[in-house]
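As structure tokens, the structure follows; a few thoughts come after it.
Quick look at the structure:
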């Protein structure tokens, strides 16, 4: 069993990574149904939240069926972050996660996200003060370091643990790498193997097959893995990994009917949650993966990703289900 504070999770839990414009309530619901053990919101700007920005406030919507669920926040100003803790606590998440890893320029330029990796003392101070502010478990998601020459993740993790962080998820790249090259899990294993560490250490980055999840568990000895891009348009990834853990075999390919039904539900839940315009727009990124591998699919994909009206997208789903009814997906 793995525990984040008093939250009990199965051995080697699978966590849905917080992803901007991806890990919203509709997508989290689908991933939860397919085996995600913990799900996280999109990351929430502390400055946006204390200024009542509508988009930031909307990200605080969480639902009972998602639990355990974490709300992830980012910022670099202590006062703003403490105010954010008070606001976020009202939504009653199971976990509050601090984003010390986002590499995007507009976040980093304000000293937040991965930008804070340049100032480990501030990173430690923010975490310590936020732990003091709430009884909700505080966790951290971060990267190996700012660049190759400044990797101090073993020390950083230990310092965060010592001020009350209850778990840490580490992406196996530096900020300088962004998402290029291969994730390096060896430094994450060094964190886990530090005899002073007793909180869960989760790996993140390049877990895109069940075999890679097994490698992270068995060869690197981590406590669990956080899955991001592999789940986009593929909420079944969690089920596929767990099936492989149990049997050593790949799950049968997801049928076209299941894919179409998931796409329909995803779109409808998105519309119900954020309205037709945003609901249609923000689910587009998933369709390529929902129907990946189908030959001569461009015509239908274009309908899905260029239509502004829900009825047109639903009609495209109907066409796909009829046209490719006999298509068999490969593993």
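Residue numbers (the working numbering): -4 to 326.
Each residue gets a CB set at the ideal place from its N, CA and C atoms; glycine is no exception.
For residue 197, the three-state secondary structure derived from DSSP is strand. Judged by their CB atoms, residue 95 and residue 76 are not nearer to each other than the 7 Å cut-off. The segment 217 to 247 is shown to contain whole alpha helix (DSSP H) runs of 4 or more residues at 232 to 242, in chain order.
With respect to the C-alpha of residue 71, the residue from 101, 64, 212 having the closest C-alpha is 101. Three or more beta-carbon pairs separated by less than 8 Å link the segment 203 to 215 to the segment 239 to 249, which places the two stretches in contact.
For secondary structure counted as the beta strand (DSSP E) over 3 or more consecutive residues, the segment 96 to 137 holds no complete run.
If only complete runs of 4 or more residues are kept, the segment 0 to 88 shows the alpha helix (DSSP H) at 20 to 28, 41 to 45, 49 to 53, 73 to 84, in order along the chain. Each of 14, 234, 322, 190 was checked against the Cα of residue 199, and the nearest Cα belongs to 14. The continuous beta strand (DSSP E) containing residue 166 extends over residues 163 to 166.
At a Cβ-Cβ threshold of 7 Å, residue 127 and residue -1 do not count as neighbours.
With contact defined as three or more Cβ pairs closer than 8 Å, the segment 252 to 259 and the segment 32 to 45 are not in contact. By the Cβ-count criterion, residue 221 is buried, with 16 or more other Cβ atoms from all chains shown falling within 10 Å of its own Cβ. Pairwise C-beta distances place the segment 50 to 61 out of contact with the segment 124 to 140, as fewer than three of them are shorter than 8 Å. The beta carbon of residue 68 is closer than 6 Å to those of 39, 41, 79 in its chain, skipping five residues each way along the sequence. A direct Cα-Cα distance of roughly 26 Å separates residue 259 from residue 65. Rounded to whole angstroms, residue 277 and residue 263 show a C-alpha spacing of 12 Å. Residue environment analysis places residue 23 among the buried positions, since at least 16 neighbouring C-beta atoms fall within 10 angstroms of its C-beta. Only residues of its own chain outside the window of five on either side were considered, and among them 231 have a CB closer than 6 Å to the CB of residue 249, listed in chain order. Bridge partners of residue 269 according to DSSP: none are assigned.
In this structure, residue 289 sits away from residue 312, with a CB-CB distance that is not shorter than 7 Å.
Beta-bridge partners assigned by DSSP to residue 92: 67, 134.
Counting along the chain, the unbroken alpha helix (DSSP H) around residue 318 starts and ends at 305 to 318. For residue 156, the enclosing alpha helix (DSSP H) covers residues 148 to 157. In the DSSP assignment, residue -2 forms a beta bridge with 3.
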